[in-house]
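Asker:
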Amino acid sequence: MDITLNICINDGSEILVDGFDKISFSNNVLEKTCTNTGYSWQKSYPEILNAVVENKFLIFDRHDEKDSLEYRDHSFAFRNEITEKNQPLILTTQSITTIIDMYN
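Each number in my numbering comes from the position in the sequence shown (counting from 1) with 1 added on.
1. Using three-state DSSP, classify Ser96 as helix, strand or coil.
2. Please state the DSSP three-state secondary structure of Leu31.
3. Starting from the Cα of Gly39, find the closest Cα among Ser96, Ile60 and Phe21 and give me that residue.
4. From the DSSP output, in three-state form, read off Tyr72 for me.
5. Could you check where the beta strand (DSSP E) with Asn7 kicks off and where it finishes?
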């Protein structure tokens, strides 16, 4: 996993973003209006901060379920010997404190 961004959430938790993970923003949870990979958002870092302010929802899709994704004791992405799961994590942008560029 190549960590490009760190999404800091108001409850003190964080989501580490791989370069191939997808982050989308929207004002309607059913419709993604702008989507980029962690690498693309990292290169256009000011745009991701603006997207947090301009939209109501952040939709996070883990690229590879072997890199587990858990939030508040719920697994959104995982792989084990028996099964695998990969579903998006949807957060309101109001719950996000900041997004940190891990390269700069």
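Virtual Cβ for every residue (Gly too), placed ideally from N, Cα, C.
Answerer: In terms of the structure at hand:
1. The residue labelled residue 96 in the question sits at position 95 within the sequence shown. Correct three-state label for Ser96: helix.
2. Here residue 31 corresponds to residue number 30 of the sequence shown, with the count starting at 1. In this structure, Leu31 counts as coil in the three-state DSSP scheme.
3. Residue mapping note: residue 39 aligns to position 38 of the sequence shown, counting from 1. It is Phe21.
4. Your numbering for residue 72 matches position 71 in the sequence shown. In the structure shown, Tyr72 sits in a strand (DSSP, three-state: E or B).
5. In the sequence shown, counting from the first residue as 1, residue 7 sits at position 6. Annotation: the continuous beta strand (DSSP E) that includes Asn7 extends over Ile4 to Ile10.
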